[in-house]
Every structure is written in C-alpha cells, then in structure tokens.
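S.K.: Numbering (the numbering used here), first residue to last: 19 to 190. Beta carbons are placed, not taken as given, at the ideal position from N, Cα and C, and that holds for glycine. Quick one: structure below, then a few questions.
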Amino acid sequence: RTDLDGDLNIGIFLDPYWRKNVTTQLGAVALLGGRPHVAHPPEVGYIDALPIVEHGDLAWETFVGLQASMDLNMNVTLSECHPMMPMEAYAMGVPCLMSRTSDLFAENDELYDLTTVDRADEPAAVANAAQRLLDDRDRVVPMAQRELTRIDERAAQAWHAFTDPVTDVRDP
Numbered sequence: 019r020t021d022l023d024g025d026l027n028i029g030i031f032l033d034p035y036w037r038k039n040v041t042t043q044l045g046a047v048a049l050l051g052g053r054p055h056v057a058h059p060p061e062v063g064y065i066d067a068l069p070i071v072e073h074g075d076l077a078w079e080t081f082v083g084l085q086a087s088m089d090l091n092m093n094v095t096l097s098e099c100h101p102m103m104p105m106e107a108y109a110m111g112v113p114c115l116m117s118r119t120s121d122l123f124a125e126n127d128e129l130y131d132l133t134t135v136d137r138a139d140e141p142a143a144v145a146n147a148a149q150r151l152l153d154d155r156d157r158v159v160p161m162a163q164r165e166l167t168r169i170d171e172r173a174a175q176a177w178h179a180f181t182d183p184v185t186d187v188r189d190p
C-alpha cells in the first residue's frame, strides 16, 4: 500500500485512448471532488485544472500496492469484458466501478447493478454510480469477494475437467 493523504483518491489506471474512456472518468472524479490517480493522463487541455497524480509505468507489485491504496478504482471502459484490474481491486478490499461491457459479476444481478454504470460516456452518471458504490462499499466489497471466490472455484473445476486425463471406457 502507498500512504496517501485524506482526500478521496480514485484510481483510473487505463491507457488514455478513447476506448478506455479516461477523460469521462476524470470528469466524474472532478464532480466527486476527488483526486484522480492515473498511469498517464490523456492529452486533453481542458483537464489541466484537475489535480491529477501521474504515476507512469509501474512494476506489477508497485501497481497493485497503489491500487490497494485507493478509495475507489474505476474501470469504466467501452471495451473490457472480464477485466483483471477490478478483480485485483476487490481482492484487496477496494471497490472498483466498471461499465456494463464487463461480465465480471453478471451472474449476480444485485452485485452487477452496484458495481457497474450503464451510461459509461456520461461523467455525471459515472460520478453518481461511483458515489453509490462508495456509500455501500462495506456491503459490496465482501459480496464481490465471495463472488470472486465462486468464480475462481468454478474456473478451477473447468480447468481440471479440461486437463484431467480422459479414461478410455471402450471395451478392449
């Protein structure tokens, strides 16, 4: 973990190009009055007034520690379907808002509703969904962790079924 001050620290650790929707998420953080943390900010002049903290490219161990230090992480992209970053964030006890392109918690209607935003290209909608997630984090994070455990167990079962040797049951 990285020691951060008492501000609302929000991680948006995505490449700054259109499908990753970083500028919209920065707008949402501005509406929330938070401090956005990014790897690299998008090159858009009108965001220069935001208190963006740029971290650059980090080794995985450093990145996960930084991600664990956030109050909230955002992965509200226009293209992710089963993103690793939200799984890491929830495993470390940090909520992460996603877009409805993600299927991560799609099998749990309540959790899916609480952890995603349907209007990913609207800063106000992203900010409202983020605030709802922050307000309910003490309930949502353990729910997400239980769901991740279930997903991991199911993945392990599928992997073992795929890799276990097949017994030939034909008569000799």
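So for P59, helix, strand or coil by DSSP?
M.R.: Of the three classes helix, strand and coil, the one that applies to P59 here is coil, per DSSP.
S.K.: Which two residues bound the contiguous beta strand (DSSP E) that contains L90?
M.R.: Here the beta strand (DSSP E) through L90 covers 90-93.
S.K.: Among V94, P141, V144, G111, which residue has its Cα nearest to the Cα of D121?
M.R.: Ranking V94, P141, V144, G111 by Cα distance to D121 puts V94 first.
S.K.: To the nearest angstrom, how far is the alpha carbon of G63 from that of T41?
M.R.: Approximately 11 angstroms, taken between the alpha carbons.
S.K.: Could you tell me which uninterrupted alpha helix (DSSP H) segments, each at least 4 residues in length, are contained entirely in the region 83-160, listed from first to last along the chain?
M.R.: Correct list: 102-109, 127-133, 141-153.
S.K.: For a test of the three-state rule: what should DSSP assign to I70, helix, strand or coil?
M.R.: Residue state, collapsed to three classes: coil.
S.K.: Give me the Cα-Cα distance between L68 and G51, rounded to the nearest whole angstrom.
M.R.: Going by the C-alpha atoms only, they are around 10 angstroms apart.
S.K.: The beta strand (DSSP E) spanning G29 covers which residue range?
M.R.: From DSSP, the beta strand (DSSP E) with G29 extends over 27-30.
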